[in-house]
Amino acid sequence: MITSNVTKRVMTLRRSLVSYQIPFHRERILLPNLTATMSTAPNMKKIQLPPNLKIDPKTKNSAFSPFKILKVDAVPLQNEEEDTIEEEENEESSEELDIDEEEDDEVVWFVPPQPTLVVPLPGRLNVAVLDKSDLLTEAGSIHLSANVFGQDPIRVDILKRVVQYQRDKKRGRRKAKSKTISEVSGSGRKVRAQKGGGIARAGHSRPAHWRGGARAHGPKGNIQDYTTKLNKHVRKLGLVNALSQKLKEGNLILINDMMLESHRTNELSKLFQSVGLAGKTGTPTLLVDWLEEEKEQSVSHLPVNLVVASGNIPRLKILSQGYLNVFDIIKYEKLIMTLSAVTALEERLEGVTY
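Here you go:
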């Protein structure tokens with residue numbers, strides 16, 4: 027009897043759920059102001075939005091976030107005959123569903139993102155050089171070294187080994203040691219009487235659960251070495267593969283130089299924000315520069331104005347080519363390099379082979 031009552035309750039619950047789901051689906055199907063028709067343009071959808079629906083294309087929660095918005099004039103329109111045929115089909119479908127469609131002037135074109143194809147070698151090695159005053163203009167072009175920037179296929183196993191080596195080296199050696207009860211400062215006399223105080227009994231003032239007492243189960247002072255070994259040749263191979271991967275992705279940007287006239291952060295920030303780099307909302311960027319000789323206006327082979335101006339810009343890191351490493355190249359999406367840094371890297375990594 028108990029099992030039969032339980033099954034009856036489950037069946038009634040299922041029926042109630044189904045009855046609630048039916049009108050919900052009908053409301054979704056009979057949206058009066060939302061119509062979608064395919065256009066003659068490839069991979070494009072013409073969507074007529076209701077007046078009370080506002081879509082922010084920048085948000086990631088929207089269904090249209092991966093799509094690109096184009097103006098109506100920029101998209102090829104259909105022929106008049108095809109337009110009339112589609113209008114008649116839309117009228118017939120609206121009459122069947124008894125929907126009074128309201129005309130809306132706001133028409134937005136959403137174009138799905140097209141996959142970016144990798145430029146094959148050796149054409150990939152021909153890279154444009156941008157001007158430091160305006161990152162949207164080209165100052166020339168350069169042909170990169172195939173031994174440094176043209177490794178294909180990319181050895182992911184080597185990248186993994188180098189990253190693990192760097193992280194282990196940063197962790198270093200552990201020599202932590204905590205004081206025991208015998209080492210903590212304090213007397214060994216009894217703190218209070220054993221009985222009669224209405225409080226817990228206590229011996230000395232150095233137990234682990236007291237303030238200023240010893241550490242329970244703390245480190246004993248044994249040296250724990252987390253560093254690992256990796257050959258210098260393998261580390262250079264990792265750097266070559268990381269640079270080749272950035273060029274293959276299209277995330278390598280070359281600039282003629284970064285000798286700034288001012289140390290003001292605002293000017294450098296505006297320069298990067300014009301192309302959507304660095305800053306609070308920009309793409310994480312790694313900037314690599316190199317000055318061969320230490321001059322009065324340089325710090326660690328970097329221009330002083332560049333170091334000072336980039337100090338307060340988030341998502342931006344400045345390195346000289348001598349400190350360039352695989353971990354930072356993979357961590358930051360965009361890699362900006364000056365011509366002097368590229369020349370020094372090619373001289374340093376030219377002889378690296380598998």
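Residue numbers (this note's numbering): 27 to 380.
Glycine residues also receive a C-beta, built at the ideal position from the N, C-alpha and C atoms.
Keep in mind the model is a prediction, meaning the values are calculated, not measured.
Where the alpha helix (DSSP H) through G264 begins and ends
K258 to E275
Given a cut-off of 8 angstroms, decide if D251 and L312 are closer than it, judged by their beta-carbon atoms.
Taking 8 angstroms as the cut-off, the beta carbon of L312 is found no closer than this to the beta carbon of D251.
Determine the burial state of Q220: buried for a count of at least 16 other Cβ atoms within 10 Å of its Cβ, exposed for fewer.
Per the 10 Å Cβ criterion, exposed.
Name, in chain order, the residues that DSSP records as bridge partners for T309.
L303
S366 lies in the alpha helix (DSSP H); which residues open and close that run?
That run of the alpha helix (DSSP H) goes L365 to L375.
Per DSSP, what are the beta-bridge partners of E164 in this structure?
Paired residues: L156.
Report the option in E320, E373, T206 and N331 whose CA atom is closest to the CA atom of R290.
N331
What did DSSP end up calling K357 once you bin it into helix, strand or coil?
helix
L332 - containing alpha helix (DSSP H), residue span:
That run of the alpha helix (DSSP H) goes V330 to A335.
Inter-residue Cα distance where the pair is K306 and K262
33 angstroms
Presumed contact (8 angstroms Cβ cut-off) between N282 and K158, rounded CB distance:
6 angstroms
Can you give me the C-alpha to C-alpha distance between N381 and V301, rounded to a whole angstrom?
Nothing in the structure corresponds to residue 381, since the chain is present only between 27 and 380.
Does the region 190 to 209 come into contact with the region 233 to 252, if we say contact requires no fewer than three beta-carbon pairs (one atom in each stretch) closer than 8 angstroms?
yes
Are E372 and V145 closer than 8 angstroms when you measure CB to CB?
no
DSSP three-state assignment for G238, whether helix, strand or coil
In this structure, G238 counts as coil in the three-state DSSP scheme.
Three-state secondary structure (DSSP) of I249:
coil
For K274, which of G176, S211, T163 and R374 has the nearest alpha-carbon?
G176
Given this structure, state the Cα-to-Cα distance separating R215 from V334, to the nearest angstrom.
59 angstroms
Can you tell me whether S346 is helix, strand or coil according to DSSP?
strand
Grab the span of the beta strand (DSSP E) containing L151 for me, first residue to last.
Run containing L151: none; DSSP gives neither H nor E here.
What three-state label does DSSP hand I184 in the structure shown?
helix
Taking 7 angstroms as the cut-off, does the CB of T309 come closer than this to any heavy atom belonging to the ligand FMN?
For the ligand FMN, the structure offers nothing, since it holds no ligand at all.
Reducing DSSP to helix, strand and coil, say where L297 ends up.
helix
Within 10 angstroms of its Cβ, does S324 collect 16 or more other Cβ (buried), or is it exposed?
buried
Rounding to the nearest angstrom, what Cα-Cα distance links R341 and Q192 in this structure?
CA-to-CA, the gap between R341 and Q192 works out to about 21 angstroms.
Measuring CA to CA, which of M285, N277, H235 and K196 is closest to T206?
Per the Cα distances, H235.
Alpha carbon to alpha carbon, how far is S336 from S326?
Straight-line measurement puts the Cα of S326 at about 15 angstroms from the Cα of S336.
Does the separation of the CB atoms of L303 and M363 fall below 8 angstroms?
no
I need the DSSP call for D315, collapsed to helix, strand or coil.
In the structure shown, D315 sits in a strand (DSSP, three-state: E or B).
Beta-carbon proximity check, G229 vs V210, cutoff 8 angstroms:
no
Give me the Cα-Cα distance between E359 and G244, rounded to the nearest whole angstrom.
Each residue's alpha carbon lies about 41 angstroms from the other.
Considering only their Cβ atoms, is the gap separating L365 from L265 smaller than 8 angstroms?
no
Boundaries (first-last residue) of the alpha helix (DSSP H) holding A172
Per DSSP, the continuous alpha helix (DSSP H) segment holding A172 begins and ends at A172 to F175.
Select from L328, N257 and R181 the residue whose C-alpha is nearest the C-alpha of S270.
R181
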